[in-house]
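*Asks:* The structure that follows is given in the form of structure tokens.
Residue numbers (our numbering): 683 to 1013.
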């Protein structure tokens, strides 16, 4: 067996001491039943309720269990990113540690992935959470995310997913962006499937999610949309906004002139001259910011030797730097 067969299960945890024993009792047998090598990476996100001590006991008892402990709480997305950075497997499976995800579903996700998919996303079809505070806001957010991104999934918030490692390469997670990885993967050409999974009601511990999380998710969605669609050509979005302000400025100026010469309305009697001035200045600023962003993008790519394309595979050809040398150094 090699890392190509290895499955890495990533579990971000914060103050879940009451669930650790139940989690390990369910997860370890489920992974053993797969007859595949595996590792379980648990990220203790600055817990203060004894979670770290229980994880240490589990790690000493089972070599497959690996623990990363943060000095302080930094959030689920950062914890998940740490797990991905340390994972060795060709397939990465994030899941929650509150026992609401069913470890038995991991095998079903992997079986679906063997059909040729790059991402298999869990769908909590029969969700066992409070309807008005959790389920309804989640449904509304999922609809909005699908509409903005064009990637149709029923449940972006379900942590239980399976990813091929190459899908996660070159992508850093910030804020609440872990739920948007399927969007990024789809825009990069990945094949995505969604699979209904079992969802259990929480039996122990306290939920860390609240309604304020919805607003953070919406803001992160804007960031993802910008980074994936306009990262290489920021002038497109800044220029579009700038032209919009120029249009407003032009309309206000022409209408002010119309009122002046055909309706005998002085400039000082309407706010149109001020709107004309503000619209024009804002439009110029947007264009200049777009040009500045274009310069920064080029510095970003050149300084880190990055390309704007990603290669899926190479057949009878070496990577570009190996077959022609570092031409840029000579130039």
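No residue lacks a Cβ here, since even glycine has one placed at the ideal position from N, Cα and C. Computed from a predicted structure; not experimentally measured.
Which residues does DSSP pair with residue 843 in a beta bridge?
*Replies:* 803
*Asks:* For residue 927, count the other beta carbons within 10 Å of its own beta carbon; 16 or more makes it buried, fewer makes it exposed. Which is it?
*Replies:* buried
*Asks:* Helix, strand or coil: which one does DSSP assign to residue 905?
*Replies:* helix
*Asks:* Within 8 angstroms, do at least three Cβ pairs link the stretch 703-716 to the stretch 774-791?
*Replies:* yes
*Asks:* Could you pull out every residue in the same chain whose Cβ sits closer than 8 angstroms to the Cβ of residue 798, ignoring the five residues on either side in sequence?
*Replies:* 873
*Asks:* Is the distance from the Cβ of residue 724 to the Cβ of residue 695 below 7 angstroms?
*Replies:* Cβ distance < 7 angstroms, so residue 724 and residue 695 count as in contact.
*Asks:* Assess contact between the stretch 936-950 and the stretch 898-905, defined as three or more Cβ pairs (one per stretch) separated by less than 8 angstroms. Is contact present?
*Replies:* no
*Asks:* Is the separation between the beta-carbon of residue 733 and that of residue 860 shorter than 7 angstroms?
*Replies:* no
*Asks:* Suppose the cutoff is 6 angstroms on Cβ atoms and the five residues either side in sequence are ignored; what does the same chain contact list for residue 1009 look like?
*Replies:* Confidence in residue 1009 is poor, its pLDDT being 40 and thus under 50, which makes the residue's placement unreliable; the coordinate value appears in the next sentence. The beta carbon of residue 1009 sits closer than 6 angstroms to none of the beta carbons in its chain outside the five residues before and after it.
*Asks:* Anyone know if the C-beta pair for residue 772 and residue 686 falls short of 7 angstroms?
*Replies:* yes
*Asks:* Rounded to a whole number of angstroms, what is the C-alpha to C-alpha distance between residue 691 and residue 933?
*Replies:* 58 angstroms
*Asks:* If we count Cβ pairs, one from each stretch, closer than 8 angstroms, do we get three or more for the stretch 829-837 versus the stretch 799-810?
*Replies:* These segments touch.
*Asks:* Since residue 692 is in the beta strand (DSSP E), which residue starts that stretch and which ends it?
*Replies:* 689-695
*Asks:* Can you give me the C-alpha to C-alpha distance between residue 977 and residue 883, rounded to a whole angstrom?
*Replies:* Taking the straight line from one Cα to the other gives about 51 angstroms.
*Asks:* For residue 1011, I'd like the list of residues in its chain whose CB is within less than 7 angstroms of its CB, leaving aside the five on either flank, ordered along the chain.
*Replies:* Caution applies to residue 1011, whose pLDDT of 38 falls short of 50 and renders its modelled position unreliable; the value that the coordinates give is listed next. There are no such residues.
*Asks:* Could you tell me which whole alpha helix (DSSP H) segments of length 4 or greater appear in the stretch 697-770?
*Replies:* The qualifying runs are 699-714, 733-743 and 758-768.
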